[in-house]
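J.: Residue numbers (our numbering), protein chains in the order written: chain B, 105 to 272; chain X, 5 to 383.
Using N, Cα and C, we set each Cβ at its ideal position, and we do this for glycine too.
Please read all numbers here as calculations on a predicted model, not as lab measurements.
I'd like to ask some things about the structure below.
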């Protein structure tokens with residue numbers, strides 16, 4: 105099934121919850137309403153024509169200008185050999201979304217990483233702890249406006265840049 | 005120990021918490037497990053990762069497109085070529101750059117050599133974890149030759165920075181091609197020797213058959229990739245199913261687990277898939293050396309590479325499975341966001357589930373059979 109058909113199916117099943125389909129890119133994507141993401145994911149996995157049994161990737165992207173954090177789901181179906189990308193926009197000051205752990209088990213770790221590096225709260229997650237950084241680290245490094253804490257556990261985190269020019 | 009077992013045996017055991025790692029020979033890098041055991045039986049093994057987190061994704065937002073290629077090497081030091089390739093593929097897709105045909109062949113040759121090297125480390129250290137010291141030395145000896153070949157191809161032995169946007173950094177010379185053929189002539193019988201030494205070894209088989217079985221459903225739900233996925237009997241290989249580069253023109257098999265000594269999806273199946281992939285890679289290499297066309301190794305690409313705004317997700321079949329780069333461009337000299345999705349990360353996520361109820365020694369077999377690589381988990 106090509107991406108356009110997948111979108112048409114979702115639009116029929118979840119009117120008003122999916123929008124902004126973009127099909128003329130290498131990996132077509134669509135926007136999903138944050139409240140409906142779990143129903144949409146479950147439908148995508150269980151429907152016999154869609155069969156998205158694999159969550160290839162789950163990550164975040166920070167867009168400070170638009171005041172939003174995007175959570176991006178890359179889905180793939182080994183049986184049908186098709187793919188789709190779902191995006192959910194969340195407010196930057198209080199990003200919250202339901203966990204997809206109940207649908208794909210691997211979401212547990214992906215979501216922990218997004219929580220750690222972007223500060224997105226996944227509601228209902230069984231073990232929402234930092235994964236890469238220590239528990240007492242301050243801030244979420246992959247946000248665009250992140251400033252590193254000056255000191256951690258008595259160790260300085262600052263160092264003069266080696267090559268000034270390469271830094272933005 | 006549950007109560008019935010206590011009543012039967014008369015032994016009373018308390019749960020004990022042990023920290024395996026971060027410095028432990030079987031963890032292949034710096035990672036840690038908090039293991040709760042009841043005697044020799046594991047109740048729970050909680051992976052603790054992040055010791056090697058170097059923010060490679062954040063660095064991507066700070067350096068130019070060309071400048072990021074050497075950083076991708078560091079994502080997985082055992083298979084640096086693949087991270088080079090997948091990032092370049094993403095950049096090429098965004099910037100509409102066409103790779104030269106000779107460049108594609110150079111890429112495939114370098115990648116398949118790298119796959120052999122990576123799998124040799126994997127099966128060698130796996131044998132060592134189980135207690136077989138000699139095969140490890142044999143595997144490293146063969147890998148040494150590949151390192152020499154790599155040095156000839158690109159000047160580096162581990163972090164190559166060989167594949168560039170538009171092609172490869174240096175052409176592969178005819179002398180090097182001859183030496184690769186010589187290596188393959190020598191290497192193919194070595195795989196049989198390796199099988200006599202290790203794969204057919206009774207102790208080795210007994211240690212792995214039926215240990216840590218991954219069902220088909222779990223393999224999909226936890227998104228295992230590469231040899232771990234194929235070990236569970238799912239025939240899925242990016243090279244065959246989402247073809248890229250010149251793989252559609254090449255003839256190779258996709259080995260899958262066959263439950264030949266235990267259950268489908270056990271540790272031995274995952275190991276055996278890797279051994280057979282060594283032979284397949286060698287087959288691919290021979291075809292590439294024969295088919296290699298003449299021409300430039302790299303296309304003309306602007307030094308200030310500025311792809312138009314957009315996003316793309318590129319994936320390749322790395323030794324540890326599907327490696328994906330999700331790259332967003334905003335039209336500037338720097339990538340807006342680089343996301344690296346690696347096979348080891350998802351393989352680690354399943355350890356928590358598989359470790360329940362197995363023996364401590366089997367945990368070591370489990371980690372080895374999944375072929376997790378610490379820097380690739382943490383990035």
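State the beta-bridge partners of residue 316/X as determined by DSSP.
T.: 331/X
J.: Can you find at least 3 beta carbon pairs, one from the stretch 212-227 of chain X and one from the stretch 294-302 of chain X, that sit closer than 8 angstroms?
T.: no
J.: State the Cα-Cα distance for the pair residue 203/B and residue 190/B, rounded to the nearest angstrom.
T.: 14 angstroms
J.: Could you list the residues in the stretch 141-169 of chain B with a C-beta less than 7 angstroms from some C-beta on chain D, going in chain order?
T.: As a matter of chain content, chain D is missing from the structure shown, whose protein chains are B and X.
J.: What is the residue span of the alpha helix (DSSP H) that residue 114/X lies within?
T.: 105-134
J.: Which same chain residues, not among the five before or five after residue 72/X, have their C-beta less than 8 angstroms away from its C-beta?
T.: 63, 64, 91, 339 and 342
J.: Check the DSSP bridge columns for residue 226/B and list the partner residues they point to.
T.: 201/B
J.: Give me whichever residues DSSP pairs with residue 51/X in a beta bridge.
T.: 37/X
J.: Assess contact between the stretch 155-165 of chain X and the stretch 189-201 of chain X, defined as three or more Cβ pairs (one per stretch) separated by less than 8 angstroms. Is contact present?
T.: No: fewer than three Cβ pairs fall under 8 angstroms.
J.: Quick one: does residue 181/B have its CB under 7 angstroms from some CB of chain X?
T.: Not an interface residue.
J.: On a CA-only basis, which of 354/X, 285/X and 74/X is nearest residue 173/X? Give me that one, please.
T.: It is 74/X whose Cα lies nearest to the Cα of residue 173/X.
J.: Which chain X residues sit within Cβ distance under 7 angstroms of residue 89/B?
T.: Nothing about residue 89/B can be reported from this structure: the residues present for chain B run from 105 to 272 only.
J.: Contact check, residue 114/B vs residue 158/B under 8 angstroms by CB: the rounded distance?
T.: In fact, because the Cβ distance is near 18 angstroms, the residues do not count as touching under 8 angstroms.
J.: Does residue 227/X come within less than 7 angstroms of chain B when only Cβ atoms are used?
T.: yes
J.: According to DSSP, simplified to helix, strand and coil, what is residue 113/B?
T.: Three-state result, residue 113/B: helix.
J.: So residue 168/B and residue 196/B are in contact, right, with Cβ under 8 angstroms, and what is the actual spacing, rounded?
T.: 7 angstroms
J.: State the start and end residues of the unbroken alpha helix (DSSP H) segment that holds residue 1/X.
T.: Chain X is shown from 5 up to 383; residue 1/X falls before or after that span and cannot be answered.
J.: Show which residues of chain B have a CB atom less than 8 angstroms away from the CB atom of residue 353/X.
T.: 209, 210, 212 and 213
J.: Expressed to the nearest angstrom, what Euclidean distance is found between the alpha-carbon atoms of residue 224/X and residue 259/B?
T.: 42 angstroms
J.: Which residues share a DSSP beta bridge with residue 187/B?
T.: 180/B
J.: For residue 201/B, which residues of its own chain have a beta-carbon under 8 angstroms away from its beta-carbon, when the five flanking residues on both sides are left out?
T.: These residues qualify, in order along the chain: 138, 141, 175, 192, 194, 224, 225, 226 and 227.
J.: Go to residue 139/X, then tell me how far its alpha helix (DSSP H) extends in each direction, as first and last residue.
T.: 138-158
J.: Check for me: the beta strand (DSSP E) holding residue 21/X runs from which residue to which?
T.: For residue 21/X, the uninterrupted beta strand (DSSP E) run begins and ends at 20-24, by DSSP.
J.: What's the gap between the Cα of residue 312/X and the Cα of residue 96/X?
T.: 11 angstroms
J.: Which word fits residue 22/X, buried or exposed, when buried means at least 16 other C-beta atoms lie within 10 angstroms of its C-beta?
T.: exposed
J.: Could you spell out where the alpha helix (DSSP H) holding residue 187/X opens and where it closes?
T.: 178-198
J.: Quick check: the Cα distance between residue 240/X and residue 102/X, rounded to an integer number of angstroms?
T.: 27 angstroms
J.: Whether or not the stretch 280-289 of chain X and the stretch 117-133 of chain X are in contact is what I'm after, with contact meaning three or more pairs of Cβ atoms, one per stretch, closer than 8 angstroms; do they touch?
T.: yes
J.: Considering only C-alpha positions, which residue in the set 354/X, 347/X and 76/X is nearest to residue 49/X?
T.: Ranking the options by Cα distance to residue 49/X, first place goes to 354/X.
J.: How far does the beta strand (DSSP E) with residue 169/X in it extend, from its first residue to its last?
T.: Element bounds for residue 169/X: n/a, residue is neither H nor E.
J.: Run the CB neighbour count on residue 204/X, radius 10 Å, all protein chains shown included, and call it buried at 16 or more, exposed below.
T.: exposed
J.: Counting contacts by CB-CB distance shorter than 7 angstroms, is residue 350/X in contact with chain B?
T.: yes
J.: Quick check: residue 319/X and residue 347/X, are their CB atoms within less than 7 angstroms of each other?
T.: no
J.: I believe residue 32/X touches residue 129/X by the beta-carbon criterion, under 8 angstroms. Please report the beta-carbon distance rounded to the nearest angstrom.
T.: 6 angstroms
J.: Could you tell me the distance, in whole angstroms, from the CA atom of residue 3/X to the CA atom of residue 362/X?
T.: Outside the shown range of chain X, which is 5 to 383, sits residue 3/X, and nothing can be said about it.
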